[in-house]
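Chemist: Here's a structure for you.
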Amino acid sequence: MENVRELFHTMTKRLGLLDRNCCTVGGIELSLVQSHILYEIDRMNEPSMQQVADALAIDITTFSRQIQTLVKMNLVKKTPYPQDRRVYILSLTPEGKYVTAKIDAEVNEYLGEVFSHMSEFERETVLRSIRLLNECMAKSSVCCKPLF
956 MENVRELFHT MTKRLGLLDR NCCTVGGIEL SLVQSHILYE IDRMNEPSMQ QVADALAIDI
1016 TTFSRQIQTL VKMNLVKKTP YPQDRRVYIL SLTPEGKYVT AKIDAEVNEY LGEVFSHMSE
1076 FERETVLRSI RLLNECMAKS SVCCKPLF
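Quick note: the sequence shown uses the numbering used here, first residue 956, plus one each step.
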């Protein structure tokens, strides 16, 4: 039988998910977690800190420290919510938008190069399989909760 854990471990290594630092853009070095935070803030429409922390399944204390670092790096803006000053809304600064767009372009270029070694049928099969795996992981009682 094929070693499923080894398959995932190899894919994780190749995607760089074990690297402490994921990327450097314009002299700014980001951790993988920081990259994911920027992606989620960009993807959501003026999310609260709690919404992004929940989407990434990060406890709010750890998340809050990461946000403070991103604010100091001038990548994220934290604004009190007018109706409840205990809640903070997150948005990307112009520099944050630039960094996020560059990371997005690099990831898309990388994935495009990887997929270029597949036929259209293989590419669609892989993407369909990843969607199915994500759906099953979302239903699992032991995996990565909460995500969405």
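A virtual CB, placed ideally from N, CA and C, is assigned to each residue, including glycine.
Just so you know, these numbers come straight off a predicted model, no measurement behind them.
Could you tell me the boundaries of the beta strand (DSSP E) in which threonine 1034 lies?
Modeler: Looking at the DSSP string, the run of the beta strand (DSSP E) that includes threonine 1034 is 1031 to 1036.
Chemist: My understanding is that threonine 1055 touches leucine 1047, with C-beta atoms under 8 Å, so please give their C-beta distance in whole angstroms.
Modeler: Yes, threonine 1055 and leucine 1047 are in contact; Cβ-Cβ is about 6 Å, under 8 Å.
Chemist: Let me know the secondary structure DSSP gives isoleucine 1013 once reduced to three states.
Modeler: Isoleucine 1013: coil per DSSP, three-state reduction.
Chemist: Could you give the distance in angstroms between the alpha-carbon of tyrosine 1053 and the alpha-carbon of glutamate 957?
Modeler: Computed Cα separation, rounded: 42 Å.
Chemist: Using DSSP with H/G/I as helix, E/B as strand and the rest coil, what is threonine 1048?
Modeler: Residue state, collapsed to three classes: coil.
Chemist: Name the two residues that bound the continuous alpha helix (DSSP H) containing serine 1084.
Modeler: Note, serine 1084: alpha helix (DSSP H), 1075 to 1094.
Chemist: Relative to the alpha-carbon of isoleucine 983, which residue among Phe1018, Val1007, Met999, Met1028 has its alpha-carbon at the smallest distance?
Modeler: Of the candidates Phe1018, Val1007, Met999, Met1028, the one whose C-alpha sits nearest the C-alpha of isoleucine 983 is Met1028.
Chemist: Buried or exposed, going by whether 16 or more other CB atoms sit within 10 Å of the CB of serine 990?
Modeler: Counting Cβ neighbours within 10 Å, serine 990 comes out buried, since at least 16 surround it.
Chemist: Would you identify the three-state DSSP class for valine 1097, choosing helix, strand or coil?
Modeler: Note: valine 1097 maps to coil in three-state DSSP.
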